[in-house]
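Asks: The opening position of the sequence shown corresponds to residue 136 in this note's numbering, with each subsequent residue numbered one higher.
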Amino acid sequence: MDEILPPVPLPLHVGTTELHWLSGGDFRLDGGTMFGPVPKSLWQKRYPAAIDNTILLANDPLLIRTPEYNILVDSGLGNKLTPKQQAIFASTQWRLLSQLALLGLKREDIDVVILTHADFDHAGGVVMRAEQGGEEVTFPAAVHLMQEAEWQDVAAPCRRAQESYWPVNFNALTKSGRMQLVQGDYQVCPEVRICHTGGHTRGHQLVEISSGGECAVHLGDLFPTHAHVNPLWVMAYDNFPLEVIACKEQYFKQYRQRDAWFTFYHDPLIRACKLGDNGKITECRPQPGYPSADS
Ligand SMILES: [Zn+2]
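Okay, here's the thing in structure tokens:
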């Protein structure tokens, strides 16, 4: 039976580009790990915890449609989680390809995949289980952009990274030759630029979209939800928390001055927002089903 999909929400326009949020599968993580040093009495006011202390989180890859290119930022959980992993994370279905189809796109139409970093919740969808068995690259025509430092850590992960950098997410991609490593800043096309940040992981990068005097920024796991705009709200998953705090102060100031849209990958409430100097939301694109969300 065909899957019944909700209608595709309207895109956010940034100059000549369109931004679409796709569903890479929701999951649940322990709320304490998402908010590190922040007391539960504070974070649970925004993200209510279940009896097992987990909170709902989105994994929403961002599709950037420029006049020339289809660019995907991160890829969701993918379709390779084992039944045990699906149960641990209470994950929902990875719908990336069916949602692309609703936009009239096939997987061969994606020109560029930007990986903010290599954690399984961001990179899990770049290699998929093939119908004939085994694994294949999900977006066979795409160049996959990752920071060289991140790729070095995928190739030789430290003990902690071994838990989230899964070889199954990269083996087919490595063989395909579709990976392009970048050092530092890189202009992907006239409207899209990536920039090495570090912080969450050593090779973490951000994505900036600029067109027609407008701007949006995807800060990956530096700003996983709008609550993380507070520079001191860091995650237990952050490998270099002091770097994250410095990054957040820098990028908040830099992009606030440009009146940029801040877009979110993990936020179950908000897809993007603009922020005032005090960090309060001034304009908001909520997730479907959430009429408003004030900070
Ligand atoms: Zn993440």
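Ideal Cβ placement from N, Cα and C applies to all residues, glycine included.
1) Answer yes or no: do residue 211 and residue 263 have a C-beta to C-beta separation smaller than 7 Å?
2) Taking 6 Å as the limit between beta carbons, can you name the residues of its chain near residue 375, skipping five residues before and five after?
3) Mapping the DSSP letters down to three states, classify residue 321 as helix, strand or coil.
4) So, under 8 Å CB-CB, residue 162 and residue 194 are touching, yes? Tell me the CB distance rounded to an integer number of Å.
5) Which of the three DSSP states is assigned to residue 509 in this structure?
6) Mapping the DSSP letters down to three states, classify residue 297 as helix, strand or coil.
7) Can you tell which of 292, 283, 340 and 216 has the C-alpha that lies nearest to the C-alpha of residue 314?
8) Does DSSP put residue 223 in a helix, in a strand, or in coil?
9) With 16 as the cutoff for other CB atoms within 10 Å, does residue 293 come out buried or exposed?
10) Would residue 290 be called buried (16 or more neighbouring beta carbons within 10 Å of its own) or exposed?
11) Does DSSP put residue 409 in a helix, in a strand, or in coil?
12) For the beta strand (DSSP E) that contains residue 176, what are its first and last residues?
13) Could you tell me the alpha carbon to alpha carbon distance between residue 423 and residue 409, rounded to whole angstroms?
14) Taking 6 Å as the cut-off, is the CB of residue 402 close to at least one heavy atom of ligand 2?
15) By the three-class DSSP mapping on this structure, what secondary structure does residue 445 have?
16) Is the stretch 351–370 touching the stretch 304–319 in the sense that three or more CB pairs, one from each, lie closer than 8 Å?
Replies: So, to answer that:
1) no
2) 334
3) strand
4) 7 Å
5) Absent from the structure is residue 509, since the part of the chain shown begins at 136 and ends at 430.
6) helix
7) 283
8) helix
9) exposed
10) exposed
11) strand
12) Element bounds for residue 176: not the beta strand (DSSP E) but the alpha helix (DSSP H), 175–178.
13) 18 Å
14) For the structure depicted, ligand 2 is absent and the ligand set comprises only ligand 1.
15) In this structure the chain extends from 136 to 430, so residue 445 is not present and cannot be described.
16) no
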